[in-house]
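Numbering (the UniProt record's numbering), first residue to last: 1 to 134.
Cβ atoms here follow ideal geometry from the backbone N, Cα and C, with glycine treated the same way.
Note sheet for the following structure.
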Amino acid sequence: RPLEWGNVGNINEIQTSNNKGFDVIIGTDVTYVAEAIMPLFSTAEKLISSESDLGRESQPSLILCHVLRRVDQPSILSAASQFGFRLLDRWPSGSSNPAQSITSSWFSKIAEDKIPSTALSILYFQRVDSELAS
Numbered sequence: 001r002p003l004e005w006g007n008v009g010n011i012n013e014i015q016t017s018n019n020k021g022f023d024v025i026i027g028t029d030v031t032y033v034a035e036a037i038m039p040l041f042s043t044a045e046k047l048i049s050s051e052s053d054l055g056r057e058s059q060p061s062l063i064l065c066h067v068l069r070r071v072d073q074p075s076i077l078s079a080a081s082q083f084g085f086r087l088l089d090r091w092p093s094g095s096s097n098p099a100q101s102i103t104s105s106w107f108s109k110i111a112e113d114k115i116p117s118t119a120l121s122i123l124y125f126q127r128v129d130s131e132l133a134s
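Now the structure itself:
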């Protein structure tokens with residue numbers, strides 16, 4: 001099924017088939033048009049599960065693979081914050097302590113050295129529970 005960011009009909013159709021939301025949403029190559037960033041996070045906010053829906057301690061996550069083009073990271077982070085997402089980790093150089101990095105653990109050291117990372121980044125967001133944010 002197609003999903004157009006911000007399209008209420010698309011969102012409602014998905015919510016009808018999965019009324020609990022998604023524990024993890026992964027987006028690749030979806031952050032290259034500046035005008036689409038706000039609708040992207042608006043859609044993710046509506047489709048991601050809430051912490052109470054999960055019935056466990058882990059929080060829902062949004063993972064974006066971002067290639068630097070016409071949209072810079074500060075714009076993405078600003079939009080994320082407006083829709084209740086906080087950046088938890090990023091690759092490359094997500095954490096000053098690689099042992100604590102979530103995203104670095106996804107790659108072997110050999111693979112990490114071979115992946116060109118000058119324009120590529122992985123952004124790992126978690127949804128901030130609105131009750132905790134208040």
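Cβ distance (whole Å) where residue i is taken to contact residue j below 8 Å
{"i": "residue 12", "j": "residue 4", "result": "The Cβ separation is near 12 Å, so there is no contact."}
{"i": "residue 26", "j": "residue 63", "result": "5 Å"}
{"i": "residue 47", "j": "residue 21", "result": "6 Å"}
Separation of residue j from residue i, as counted between CA atoms
{"i": "residue 29", "j": "residue 123", "result": "12 Å"}
{"i": "residue 14", "j": "residue 23", "result": "14 Å"}
{"i": "residue 45", "j": "residue 127", "result": "8 Å"}
{"i": "residue 67", "j": "residue 17", "result": "31 Å"}
{"i": "residue 102", "j": "residue 89", "result": "7 Å"}
{"i": "residue 34", "j": "residue 76", "result": "9 Å"}
{"i": "residue 72", "j": "residue 19", "result": "33 Å"}
{"i": "residue 134", "j": "residue 50", "result": "In this prediction, residue 134 has a pLDDT of 40, which is less than 50 and means its spatial position is unreliable; what the coordinates show is noted afterwards. So the two alpha carbons sit approximately 16 Å from each other."}
{"i": "residue 60", "j": "residue 69", "result": "27 Å"}
{"i": "residue 39", "j": "residue 32", "result": "13 Å"}
{"i": "residue 80", "j": "residue 65", "result": "14 Å"}
Where residue i falls, given that 16 or more other Cβ within 10 Å makes a residue buried
{"i": "residue 74", "result": "exposed"}
{"i": "residue 82", "result": "exposed"}
{"i": "residue 78", "result": "exposed"}
{"i": "residue 8", "result": "exposed"}
{"i": "residue 2", "result": "exposed"}
Which listed residue (the options) has its alpha carbon closest to that of residue i
{"i": "residue 87", "options": "125, 37, 66", "result": "125"}
{"i": "residue 136", "options": "84, 121, 1", "result": "Residue 136 is absent from the structure shown; the chain starts at 1 and stops at 134."}
{"i": "residue 84", "options": "65, 72, 43", "result": "43"}
Threshold first: 4 residues or longer. Then list the alpha helix (DSSP H) segments lying entirely within the region 21 to 72, N to C. 37 to 47, 51 to 54
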